[in-house]
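Colleague: Residue numbers for the sequence shown follow my numbering, so the first one is 3 and each next one is one higher. Glycine residues also receive a C-beta, built at the ideal position from the N, C-alpha and C atoms.
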Amino acid sequence: MSAVNRPTPLILRYSKGGYNTLHQDLYGDVYFPIQLVLFLNEPGEDYEGGEFVLVEQRPRAQSKAIVLKPKKGDMLLFTTNFRPVNGSKGYHRVNMKHGVSELTAGIRHTLGIIFHDAA
Numbered sequence: 003m004s005a006v007n008r009p010t011p012l013i014l015r016y017s018k019g020g021y022n023t024l025h026q027d028l029y030g031d032v033y034f035p036i037q038l039v040l041f042l043n044e045p046g047e048d049y050e051g052g053e054f055v056l057v058e059q060r061p062r063a064q065s066k067a068i069v070l071k072p073k074k075g076d077m078l079l080f081t082t083n084f085r086p087v088n089g090s091k092g093y094h095r096v097n098m099k100h101g102v103s104e105l106t107a108g109i110r111h112t113l114g115i116i117f118h119d120a121a
């Protein structure tokens, strides 16, 4: 069964040395423009490192990282593919990727939900 045909609520577990490279969760031809992640552990108590990283891949410019450290119980909604940015010539699309920085200690759990057209 391919990823396109499977539901995509995911429990993600990271331990010391674990990380997730920058990526986009695009499954199939039709996908919802927003996805979410629920944070199930407390940073600084349950784990160290493991920051949530968003990267804007701006046209003709350096990429811009946004590093977040949500607390236990926080929910983060973020774009699946791109976001509109107002530039000098009006709005344009900026490609977005996300990932997780390396854990230096402990265990980190999250619940991720990716909406898409699962046949």
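Just list the residues that DSSP pairs GLY75 with in beta bridges.
Modeller: Its beta-bridge partners do not exist; DSSP assigns none.
Colleague: Cα separation between PRO86 and TYR93?
Modeller: So the two alpha carbons sit approximately 6 Å from each other.
Colleague: Taking C-beta to C-beta, are GLY52 and TYR16 nearer than 8 Å?
Modeller: Contact flag set, yes.
Colleague: Would you tell me roughly how many angstroms separate the C-alpha atoms of HIS111 and LEU79, rounded to the nearest one?
Modeller: Each residue's alpha carbon lies about 17 Å from the other.
Colleague: Please name the residue or residues paired with LYS18 in a DSSP beta bridge.
Modeller: Looking at the DSSP assignment, LYS18 forms no beta bridge with any residue, so it has no partner.
Colleague: Tell me the DSSP bridge mates of ILE68?
Modeller: Bridge partners of ILE68: LEU56.
Colleague: What's the C-alpha gap between TYR21 and GLU50?
Modeller: The alpha-carbon atoms of TYR21 and GLU50 are separated by roughly 12 Å.
Colleague: Give me the residue from THR106, GLY46, GLU104 with the minimum Cα distance to PRO72.
Modeller: Comparing Cα-Cα distances from PRO72 to each of THR106, GLY46, GLU104, the minimum goes to GLY46.
Colleague: Span of the beta strand (DSSP E) holding TYR49?
Modeller: 49-51 is the span of the beta strand (DSSP E), which, as asked, contains TYR49.
Colleague: SER65: which of LEU42, GLN37, HIS100 sits nearest, CA to CA?
Modeller: Checking every option, the nearest Cα to that of SER65 belongs to HIS100.
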